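167 is the number of the first residue of the sequence shown in our numbering; add one for each residue after it.
Even glycine gets a Cβ: it sits at the ideal position worked out from N, Cα and C.
A quick note: this is a predicted structure, and the numbers were derived from the prediction, not measured.
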Amino acid sequence: MNIEYILENLDKIMVYFVPATVFMFAYKLTARYSAKRDIFSATTIIWSYVLTVVLRSVYPQISILAILAFSFAFGFVGGILRNSEFVSCILDQFFYKTLEEDVWYAISDFEKGTTLRVYLSDSDVSYRGYFTEDHKSEDGRQWIVLTNYKKYQGSESHADEPIFDYKEDDTRKIALDTAKISRVEIKYPKNSSKI
């Protein structure tokens, strides 16, 4: 196989992995989706093939650029549908399922806010604050970030006085390693859709 052959057949080669990659890129733009995808994986090749076959069965003379445009549009719309309240409600009511891969996103109310009280397993300290985000580091560890937080001494949730109180300071944030969390209490506003 020489370089001329590859260049002459580049569009035929690309059709085996690019459409699914474009779909996933567009999907990630609109959906809260963090799973990593390999460009040259077997799954990507299969989904690219399926997308191409379906589009070519409807439009036999479709070009690779049109396939990529359709892939982007399908991914974009799919991401919007995935985040819709309607789809979430249907899955929750009839199938008792959620589409969230991440438990932190599943418990979060992004419109009204979510307050967490986080207890650490390696110390007698707990934190209460607004959950804002979570991160997965390159070594696989997961972290959550609280803002407007209070730090407490003691492992019980009854009326205790905070050691530090940054509730009114939204510039203060704390990142907590989820591997060191023993339990979490969740509090939603009264008008939250999560209740």
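{"Item": "Helix, strand or coil, according to DSSP, for A272 in the structure here?", "Value": "helix"}
{"Item": "When the distance is taken between beta carbons, is D275 closer than 7 Å to K360?", "Value": "yes"}
{"Item": "Does the separation of the CB atoms of T218 and V181 fall below 7 Å?", "Value": "yes"}
{"Item": "Just curious, the beta strand (DSSP E) that G295 is in, first and last residue?", "Value": "V291 to K302"}
{"Item": "Excluding sequence positions up to five away, which residues of its chain have a Cβ less than 6 Å from the Cβ of R338?", "Value": "Y332"}
{"Item": "Pick out whichever of Q259, V284 and R307 has its Cα sitting closest to the Cα of V350.", "Value": "V284"}
{"Item": "Restricting to Cα atoms, I'd like to know which of N249, P185, E299 and D288 is closest to L282.", "Value": "E299"}
{"Item": "Ordered along the chain, which non-local residues of its own chain (more than five positions away) have a Cβ less than 7 Å from that of F330?", "Value": "K316 and K317"}
{"Item": "Per DSSP, what kind of secondary structure is R338 in: helix, strand or coil?", "Value": "coil"}
{"Item": "Please state whether the Cβ-Cβ distance between T313 and Y296 is less than 7 Å.", "Value": "yes"}
{"Item": "Per DSSP, which residues does T281 bridge with? Please list them.", "Value": "Y296 and K353"}
{"Item": "Between V188 and L234, how many whole angstroms is the CB-CB distance? I'm expecting something under 8 Å.", "Value": "5 Å"}
{"Item": "In whole angstroms, give me the CA-to-CA distance for R307 and A345.", "Value": "7 Å"}
{"Item": "What does DSSP give as the partner residues of T313 in its beta bridges?", "Value": "Y296 and K339"}
{"Item": "Can you tell which of Y171, S214 and S348 has its C-alpha closest to the C-alpha of G241?", "Value": "S214"}
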